[in-house]
Amino acid sequence: MSSSQTRPDVSGAKESLFAYARKKGALAVGVADLSEIERIAPAGHRPTDLMPKVKSVISIGVGGQTQGAWGVTAKALSFFGSTESLAYKIAYGMAYYIENKFEARSIYCPPDLDPELGARYPLQSLKLHAEVAGIGARSLAGDILLHPDYGYMYFGSVFTELELEPDAPMTMNPCPAPSCVSMYESTGRTPCMKFCPVQCLDGEIDESGNQSAMDYDMAKCAEMTQQYEVVPQIIAAAIAADNPQDRDDALFGGSNKALWYKMSVGSGGLLAQCFECMRVCPVATRSDLADPIRRAKARREAVEGEPQ
Amino acid sequence: MSKLRFGVTDQMMEKYSDEIFFLGLNFQSRRGDPVRLRDQAEIEKQREGTGLTDTQIADKLDLTMEQVHYIRIVLEHKRFDNTNYAKLYKLGSGKRYRIEREGAD
Numbered sequence: 614m615s616s617s618q619t620r621p622d623v624s625g626a627k628e629s630l631f632a633y634a635r636k637k638g639a640l641a642v643g644v645a646d647l648s649e650i651e652r653i654a655p656a657g658h659r660p661t662d663l664m665p666k667v668k669s670v671i672s673i674g675v676g677g678q679t680q681g682a683w684g685v686t687a688k689a690l691s692f693f694g695s696t697e698s699l700a701y702k703i704a705y706g707m708a709y710y711i712e713n714k715f716e717a718r719s720i721y722c723p724p725d726l727d728p729e730l731g732a733r734y735p736l737q738s739l740k741l742h743a744e745v746a747g748i749g750a751r752s753l754a755g756d757i758l759l760h761p762d763y764g765y766m767y768f769g770s771v772f773t774e775l776e777l778e779p780d781a782p783m784t785m786n787p788c789p790a791p792s793c794v795s796m797y798e799s800t801g802r803t804p805c806m807k808f809c810p811v812q813c814l815d816g817e818i819d820e821s822g823n824q825s826a827m828d829y830d831m832a833k834c835a836e837m838t839q840q841y842e843v844v845p846q847i848i849a850a851a852i853a854a855d856n857p858q859d860r861d862d863a864l865f866g867g868s869n870k871a872l873w874y875k876m877s878v879g880s881g882g883l884l885a886q887c888f889e890c891m892r893v894c895p896v897a898t899r900s901d902l903a904d905p906i907r908r909a910k911a912r913r914e915a916v917e918g919e920p921q
Numbered sequence: 663m664s665k666l667r668f669g670v671t672d673q674m675m676e677k678y679s680d681e682i683f684f685l686g687l688n689f690q691s692r693r694g695d696p697v698r699l700r701d702q703a704e705i706e707k708q709r710e711g712t713g714l715t716d717t718q719i720a721d722k723l724d725l726t727m728e729q730v731h732y733i734r735i736v737l738e739h740k741r742f743d744n745t746n747y748a749k750l751y752k753l754g755s756g757k758r759y760r761i762e763r764e765g766a767d
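Order-wise, the sequence lines are chains Z and W. Counting from 1 along the first sequence, just add 613 to a position and that's the residue number in my numbering. Counting from 1 along the second sequence, just add 662 to a position and that's the residue number in my numbering.
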């Protein structure tokens, strides 16, 4: 048999890919049911719109903050709170790994906005991939995904022509946590709703303690998280200014001082950088494996619990 | 000039502004947990509340995708309140936002 006729052994491919992701730092990995994503995502945003021969969507979740990060000022957290670059790095590497080991075409799914639609529409919903892959469930905090063990994660996705057995969505939703249900019963609000600086979150919890309604004013949230969207407004105000003072105010006024710096250096602080809802979320901050200290403790306890 | 290229008029902007702004992703409502529970009928039922694409909005309002896109992008920039971000400068390290403090500082 010639070498061109041999095919790579793909048995155990899923386990191999999961082991790869975990070795590189992923906390959770899952395979989403492609047909389900195709049904749910709108036209133009389905995996096959991006990669027509895709067979599987792999979702990778990485840890959010260190435990220390939750206690710092919002100014500081805005610069280092996001850890999505690790998810993207693992996804990028996994695409190469699949092609190298299993000879199946693969891509790192672009996590970016759709250039045709502007800043508020992604090319693909990484959230949908992760939810269908069973590594996150929608929360009352604007549908941010939460995991019962790892809390708040960032996600990356890989599309591949390798056929993999899909996983199922999570059977339970960790949001709302029992303490949030108690607060809701006494005040009508959860911590994420109460402490949001622009009051963009609302919702209802039913008698069983489950989410019955989630309402999210994303436009308000964007004012805290997508500062770059204001640049045309500032320039328009400067052009329309009647006098030099108004023009100076538009360009150099208080709230814009750091904006030009962020724009020029492409700082991460320009992007999704308000964490006030997650800072008060017990699932995000206090799940058993939510941060490196808790994960280290769990590892230590597991070792101590092993028979000698 | 460019809005005329897409056939967007001032009257159209006035008539459809709110509807386009709300039908997009700017406001999202979900009832129950239909994606996790794989309830496709409920997903379809709630599609409008969870946010539509420009193409879907265009179909609904009998406009072109380019018209919807233009109106939505202009609104998203114009309605963006640039003063809110400064609230973050006072938060963290044990201090949380309180609506009752709004305007008190």
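Even for Gly, the Cβ is constructed at its ideal location relative to N, Cα and C.
Who are the near neighbours of residue 749 (chain W) in its chain, counting only those whose CB is closer than 7 Å to its CB and skipping five residues on each side? 759
Which whole-angstrom value is the C-beta distance of residue 759 (chain Z) and residue 787 (chain Z), which I expect to be below 8 Å? 5 Å
Using a Cβ-Cβ distance cut-off of 8 Å, determine whether residue 738 (chain W) contacts chain Z. yes
Assigned exposure category for residue 836 (chain Z) - 16 Cβ within 10 Å defines buried: By the C-beta density criterion, residue 836 (chain Z) is buried, having at least 16 other C-beta atoms within 10 angstroms.
Nearest-angstrom Cα distance between residue 767 (chain Z) and residue 681 (chain Z)? 18 Å
Give every residue of the same chain whose Cβ lies closer than 8 Å to the Cβ of residue 853 (chain Z), excluding the five residues on either side of it in the sequence, and list them in chain order. none
Using a Cβ-Cβ cut-off of 7 Å (strictly less than) and excluding sequence neighbours within five positions of residue 634 (chain Z), which residues of its own chain qualify? 642, 673, 703, 707
Can you tell me whether residue 783 (chain Z) is buried or exposed? The criterion is at least 16 other CB atoms within 10 Å of its CB, across all chains shown. buried
Compare the beta carbon distance of residue 794 (chain Z) and residue 757 (chain Z) with 8 Å and say whether it is the shorter of the two. no
Paired residues, beta bridge with residue 905 (chain Z) - DSSP: Paired residue(s): none; residue 905 (chain Z) is not in a bridge.
Rounded to whole angstroms, what's the CA-CA distance from residue 733 (chain W) to residue 846 (chain Z)? Just pull it up for me. 15 Å
May I ask you to list, following chain order, the residues of the segment 671 to 698 of chain W that have a beta carbon less than 8 Å from some beta carbon of chain Z? 683, 686, 687, 688, 689, 690, 691, 692, 693, 694, 695, 697, 698
Which residue comes first and which comes last in the alpha helix (DSSP H) that contains residue 674 (chain W)? 672 to 685
Tell me residue 759 (chain Z)'s beta-bridge partners as DSSP assigns them. Z:750, Z:765
Between residue 749 (chain W) and chain Z, is any beta-carbon pair separated by less than 8 Å? yes
Helix, strand or coil: how does DSSP classify residue 807 (chain Z) here? helix
Taking the alpha helix (DSSP H) that residue 814 (chain Z) falls in, what are its first and last residues? Run containing residue 814 (chain Z): none in the alpha helix (DSSP H); it sits in the beta strand (DSSP E), 814 to 818.
Per-residue DSSP class, three states only, for residue 827 (chain Z): strand
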